[in-house]
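Q: Take this structure first; my questions come after.
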Amino acid sequence: MREELSRIDLSPIADLVRIKKEEQLLAERLKSMEIRAEKVSSAVYERVRKDYETRRLALEQESRPLKEQARREYRRLQALRREVEQAVEAASFDKEEVEFRRELGELPDGLYKERIAACEKHLADERQDLEAVLQMKATFLDAFRSEEDLETPDSGSEGPAPPAPRPPVRPAPSAPPAPFPVENVIKAPPPFEKAPAAAPPEPPDATVVLTRARLSLLDGDRIAKEFPLKPGVSILGRLALSDVHLPTPDVSRKHAQVIVGPSGVFVVDLESENGVVVNGKKVDKVQLVEGDVLTLGKQRLVFHD
1 MREELSRIDL SPIADLVRIK KEEQLLAERL KSMEIRAEKV SSAVYERVRK DYETRRLALE
61 QESRPLKEQA RREYRRLQAL RREVEQAVEA ASFDKEEVEF RRELGELPDG LYKERIAACE
121 KHLADERQDL EAVLQMKATF LDAFRSEEDL ETPDSGSEGP APPAPRPPVR PAPSAPPAPF
181 PVENVIKAPP PFEKAPAAAP PEPPDATVVL TRARLSLLDG DRIAKEFPLK PGVSILGRLA
241 LSDVHLPTPD VSRKHAQVIV GPSGVFVVDL ESENGVVVNG KKVDKVQLVE GDVLTLGKQR
301 LVFHD
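By the working numbering, the letter at position 199 of the sequence shown is numbered 199, and the numbering carries on one by one without gaps.
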């Protein structure tokens, strides 16, 4: 598996990470200039905005072929991940079977120790391979805005779509009296500009909100790991192929599921042994809001939307 993993081409990642940082910097500057819009003349405001937009479009054009190349390699990685997850599950079942046969009195001590040691080594090797795959996946994610962006097909909508719905942020320079209301700064959804109320961005904005949902695993007061939540169902549990993998004995194999949909984000207990606790209260199903703390066994996760 490691040889197959080494064949994944990571050459576009460094340039994509650089472009992503430059795009984030431009986004911050565009937000900053909106706040300061009333402190500068309309002509200067439009000149600076046009410069930033030109630079943003140039970065987008530069990133497009790199993203297509990275997505092709990521699909190979995902196929490899599925294979390794199946191998981890099979090794886990083998170990569980040996333990079950031991409980039934089928295996004497010597044979049990021999078989369980072999199963544990096999399972550890497969989990190590899976961890290597997940680390490479994290490398890909660092170069994209979101996991959804990474999984968009090569012919996806990222090409001409972003600049299309971007009307002028302010009215024509001839309109002197406060043409850029403060509320636009707060309410407008696009990452670089604030669209007027009459022309809101198209449906992708709704999914952007959903794809920002994530669970942060806590280690004391420190965030140990973050798990992005895609639209649909994510499984939380001890099984290695869980979307939110919590490999501790106090967590059930399939402990809970998080459902991300148009009506919100919900956590559902899957009849786990230790249950699901949200903000100190045991629940079967509840809608999550920003800052909710989920407790599964001894594991604590914070929900962010």
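Glycine included, every Cβ here is placed at the ideal spot set by N, Cα and C.
Mark Val-260 as exposed unless 16 or more other C-beta atoms lie within 10 angstroms of its C-beta, in which case mark it buried.
A: To locate residue 260, count along the sequence shown from 1; it is residue 260. Per the 10 Å Cβ criterion, buried.
Q: What do you reckon, are the CB atoms on Leu-150 and Phe-140 nearer than 8 Å?
A: The residue labelled residue 150 in the question sits at position 150 within the sequence shown. The residue labelled residue 140 in the question sits at position 140 within the sequence shown. Going by C-beta atoms, Leu-150 is nearer than 8 Å to Phe-140.
Q: Taking DSSP as the reference, what is the three-state secondary structure of Asp-219?
A: Here residue 219 refers to the residue found at position 219 of the sequence shown. The answer is strand: DSSP assigns Asp-219 an E or B state.
Q: Take every Cβ of the stretch 60–79, pair it with every Cβ of the stretch 102–112, and state whether three or more of those distances are shorter than 8 Å.
A: Short answer: they don't touch.
Q: Do the CB positions of Gln-257 and Ser-234 come within less than 8 Å of each other?
A: Working through the sequence shown from its first residue, we reach residue 257 at position 257. Working through the sequence shown from its first residue, we reach residue 234 at position 234. Yes. Within cutoff.
Q: Out of Leu-123, Ala-58 and Ala-118, which one is the CA nearest neighbour of Glu-89?
A: One-based indexing of the sequence shown puts residue 89 at position 89. Glu-89 has its Cα closest to that of Leu-123, out of Leu-123, Ala-58 and Ala-118.
Q: Distance, Cα to Cα, Arg-212 vs Glu-96?
A: Numbered from its first residue, the sequence shown carries residue 212 at position 212. Numbered from its first residue, the sequence shown carries residue 96 at position 96. About 36 Å.
Q: In the structure shown, what three-state DSSP assignment does Lys-285 receive?
A: What you label residue 285 is simply residue 285 of the sequence shown in a count that begins at 1. It is a strand residue.
Q: Can you say whether Pro-249 is buried or exposed, counting buried as having 16 or more other CB atoms within 10 angstroms of its CB?
A: The residue you call residue 249 lines up with position 249 of the sequence shown. Exposed, because fewer than 16 other Cβ atoms sit within 10 Å of the Cβ of Pro-249.
Q: Quick one: residues in its chain with C-beta nearer than 6 Å to the C-beta of Asp-305, no 5 flanking neighbours on either side, listed in chain order?
A: Here residue 305 corresponds to residue number 305 of the sequence shown, with the count starting at 1. Excluding residues within five positions, the ones whose Cβ falls inside 6 Å are Ala-213 and Glu-290.
Q: Can you give me the C-alpha to C-alpha distance between Gly-297 and Lys-254, rounded to a whole angstrom?
A: Taking the first residue of the sequence shown as position 1, residue 297 is located at position 297. Taking the first residue of the sequence shown as position 1, residue 254 is located at position 254. C-alpha separation (whole angstroms): 12 Å.
Q: Are the Cβ atoms of Val-84 and Val-133 separated by less than 8 Å?
A: Numbered from its first residue, the sequence shown carries residue 84 at position 84. Numbered from its first residue, the sequence shown carries residue 133 at position 133. In contact: Val-84 and Val-133 (Cβ atoms closer than 8 Å).
Q: Would you mind stating whether Glu-73 and Ile-8 have Cβ atoms separated by less than 8 Å?
A: Locating residue 73 in the sequence shown gives position 73, where the first residue counts as 1. Locating residue 8 in the sequence shown gives position 8, where the first residue counts as 1. Cβ distance < 8 Å, so Glu-73 and Ile-8 count as in contact.
Q: Considering only their Cβ atoms, is the gap separating Val-268 from Gln-299 smaller than 8 Å?
A: Your numbering for residue 299 matches position 299 in the sequence shown. Your numbering for residue 268 matches position 268 in the sequence shown. No, Cβ-Cβ distance for Gln-299 and Val-268 is not below 8 Å.
Q: For Phe-144 and Ile-13, I'd like the C-alpha separation in whole angstroms.
A: For the purposes of this step, residue 144 is identified with residue 144 of the sequence shown, where counting begins at 1. For the purposes of this step, residue 13 is identified with residue 13 of the sequence shown, where counting begins at 1. Each residue's Cα considered, the two are about 9 Å apart.
Q: Can you list, in chain order, the residues of its chain whose CB lies under 7 Å from that of Leu-5, leaving out five sequence neighbours each side?
A: As a first step, residue 5 is located in the sequence shown; it is residue number 5 there, counting from the start. So the list reads Leu-80, Ala-132, Val-133 and Met-136, once near-sequence residues are dropped.
Q: For a test of the three-state rule: what should DSSP assign to Ala-84, helix, strand or coil?
A: Start at 1 with the first residue of the sequence shown, and residue 84 comes out as number 84. Before going on, a small fix: residue 84 reads as Val here, not Ala. If DSSP states are grouped into helix, strand and coil, Val-84 belongs with the helices.
Q: Is Asp-292 helix, strand or coil when you go by DSSP?
A: For the purposes of this step, residue 292 is identified with residue 292 of the sequence shown, where counting begins at 1. Residue state, collapsed to three classes: coil.
Q: If you run the structure through DSSP and keep just helix, strand and coil, what is Lys-254?
A: Here the question's residue 254 lines up with position 254 in the sequence shown. Reduced to three states, the DSSP call for Lys-254 is coil.
Q: Can you tell me whether Ala-198 is buried or exposed, with buried defined as 16 or more other CB within 10 angstroms of its CB?
A: Taking the sequence shown and counting its residues from 1, one reaches residue 198 at position 198. With a pLDDT of 43 at Ala-198, under the threshold of 50, the modelled position of this residue cannot be trusted, and the question is left open.
Q: Which residue wins for smallest C-alpha separation from Asp-94, given the options Ile-116, Leu-301, Leu-104 and Glu-103?
A: The count along the sequence shown starts at 1 and reaches residue 94 at position 94. Taking only the C-alpha atoms, the option nearest Asp-94 is Ile-116.
Q: Which of helix, strand or coil does DSSP assign to Ser-63?
A: Here residue 63 is taken as the residue at index 63 of the sequence shown, counted from 1. Three-state DSSP puts Ser-63 in a helix.
Q: List the whole-angstrom C-beta distance separating Val-265 from Leu-294, where the pair is believed to meet the contact cut-off of C-beta under 8 Å.
A: Your numbering for residue 265 matches position 265 in the sequence shown. Your numbering for residue 294 matches position 294 in the sequence shown. The Cβ separation is near 11 Å, so there is no contact.
Q: For Glu-68 and Thr-54, I'd like the C-alpha separation in whole angstroms.
A: Here the question's residue 68 lines up with position 68 in the sequence shown. Here the question's residue 54 lines up with position 54 in the sequence shown. Straight-line Cα distance between these residues: approximately 22 Å.
Q: Opposite Ile-235 in the DSSP bridges: which residues?
A: In the sequence shown, residue 235 corresponds to position 235, counting from 1. DSSP output for Ile-235 lists Gln-257 as bridge partner(s).
Q: Under the DSSP definition of a beta bridge, which residues are partnered with Gln-135?
A: Here residue 135 is taken as the residue at index 135 of the sequence shown, counted from 1. None, per the DSSP bridge assignment.
Q: Terminal residues of the continuous alpha helix (DSSP H) containing Leu-301?
A: On the sequence shown, position 301 is the one that residue 301 refers to. Where Leu-301 is concerned, there is no enclosing alpha helix (DSSP H), although the beta strand (DSSP E) it sits in stretches over 299–304.
Q: Whose C-alpha, out of Arg-238, Leu-241, Leu-301 and His-245, is nearest the C-alpha of Asp-219?
A: Along the sequence shown, read from residue 1 onward, the residue named residue 219 stands at position 219. It is Leu-301 whose Cα lies nearest to the Cα of Asp-219.
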